[in-house]
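Working notes for the structure below.
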């Protein structure tokens, strides 16, 4: 798609988004979308574009290998988890049945696929998981009987963090309360170390639980996952590097290497959402800036507006404790913007806000700051959405103590609609 009506130099010189900070700008600009379906090609012209193409689909993220050490050297089948998921149950079962399968990765899709294959093949044909980094993958979201949301998704828990826009006083409060922040994280970690044989299998993550929450990388463990590890139907292998050979994978550790014999290798290595969104634009400039540089966060104001790309919003790129809830709230915020209920701040102010988020993400999720996660500061995020819409920021729970210490959920924002922002 291509933006027309104003040149790139003019757009970059604007002080306000779209020229005046409003959804449709000054009325000069428009988007021209070229749509192909089969042999048919159509041109559509629109005043505003909302991209809802998702981040975790479409463009698979595949590791790079030296020459002759990639999948071409392998005698078996090597596919991405996206291809495996698209096969359908019957074809997928046929692919892995009575085969030695290796799954590369250790996030939600990796452990789910491994558990599914272990159920089908048992210990006679174990499924091997090859991982580089250990993550917090847990059976439920309770620690010693307490919902972990109490520790990480309340208004009070936000006081423990150096969050965007804190100011001097709130930064001092966060520093003074840092021992409590540490205690909450260790309290939760102690439960999962007790409830799961993580230490026995050397699967305790190097990062703290808070860092996992701040990067939205805490995921749910499949049913009886470690039982399958104990019986031998799932084998866990940690590797710093790996490559292919004819028989399977060669994994390298600190001082030794090992060959993992495999018939099938499934890459559960995620998706390249940045590439997917860049390829939507014809303009090299917009391609370059839409997802930012690898050294910074994805530069989207309110997690959906790029300050330098006019008349465009991106929904579904940011993450939280509930991606669906966050996307719905951003959609309501966008509806108010389109309705003319408010104007965006100046480009300079939006970029300063993004810089604050960049500092926050790099402080609490230094290895995965690109994930655009607002989980532990989701109350702050939704507060600002309400403030934009209604011009005020008040508590959304009836009682003061509940507002500070009870976790926020989707029901707290059910009345946030186009006609009112009942606070």
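Residue numbers (this note's numbering): 1 to 423.
Cβ atoms here follow ideal geometry from the backbone N, Cα and C, with glycine treated the same way.
- Taking one beta carbon from each stretch, the segment 126-139 and the segment 201-214 have 3 or more pairs nearer than 8 Å; the two touch.
- Here DSSP, grouped into helix, strand and coil, assigns residue 95 to helix.
- Taking C-beta atoms as the reference points, residue 264 and residue 126 fail to come closer than 8 Å.
- If you check the CB distance, residue 304 and residue 297 do not come in under 8 Å.
- Listed in chain order, the alpha helix (DSSP H) runs fully inside the segment 24-89 are 81-86, counting runs of at least 4 residues.
- At the C-beta level, residue 12 and residue 308 come within 8 Å of one another.
- With respect to residue 388, residue 342 sits close: the two C-beta atoms are nearer than 8 Å.
- CA-to-CA, the gap between residue 322 and residue 68 works out to about 42 Å.
- In this structure the segment 88-102 does not lie against the segment 368-379, because fewer than three pairs of beta carbons, one per stretch, are closer than 8 Å.
- If you ignore the 5 residues before and after residue 173, its C-beta comes within less than 8 Å of the C-beta of 159, all in its own chain and listed in chain order.
- As computed with DSSP, residue 346 is found in a beta bridge with 16.
- Taking residue 407 as reference, the option from 384, 376 and 390 with the minimal CA-CA separation is 376.
- The DSSP assignment places no complete run of the beta strand (DSSP E) inside the segment 359-396 (cut-off: 3 residues).
- The residue among 242, 106 and 128 with its C-alpha nearest the C-alpha of residue 63 is 242.
- When the five nearest sequence neighbours on each side are left out, the beta carbons in the same chain lying within less than 6 Å of the beta carbon of residue 381 are those of 374, in order along the chain.
- Straight across, the Cα-Cα distance linking residue 40 with residue 335 is about 32 Å.
- With contacts defined by Cβ atoms closer than 8 Å, residue 310 and residue 18 form a contacting pair.
- Residue burial is scored here from C-beta neighbours: residue 74 has at least 16 other C-beta atoms within 10 angstroms and is therefore classed as buried.
- For residue 163, no beta strand (DSSP E) run applies, since DSSP gives it neither H nor E.
- For the pair residue 360 and residue 164, the CB atoms are nearer than the 8 Å cut-off.
- Around the beta carbon of residue 10, a 10 Å sphere encloses fewer than 16 other beta carbons of the protein chains shown; the residue is thus reported as exposed.
- Contact check between the segment 103-114 and the segment 264-278: three or more CB pairs, one atom from each, fall below 8 Å, which counts as touching.
- Residue 32 and residue 277 have their alpha carbons spaced roughly 16 Å apart.
- Between residue 228 and residue 320, the alpha-carbon positions lie close to 30 Å from each other.
- Within a 10 Å sphere around the beta-carbon of residue 246 sit fewer than 16 other beta-carbons, which makes this residue exposed.
- Taking the Cα of residue 238 as reference, the smallest distance to any Cα among 224, 255, 223 and 225 is reached at 255.
- In the DSSP assignment, residue 142 is bridged to 147.
- Under the DSSP definition of a beta bridge, residue 295 lacks any partner.
- For residue 279, the three-state secondary structure derived from DSSP is coil.
- For residue 328, the uninterrupted alpha helix (DSSP H) segment begins and ends at 323-339.
- In this structure, 196 is the residue among 196, 378, 16 and 275 with its C-alpha nearest to the C-alpha of residue 225.
- With respect to residue 219, residue 61 sits apart: the two C-beta atoms are not nearer than 8 Å.
- Residue environment analysis places residue 14 among the buried positions, since at least 16 neighbouring C-beta atoms fall within 10 angstroms of its C-beta.
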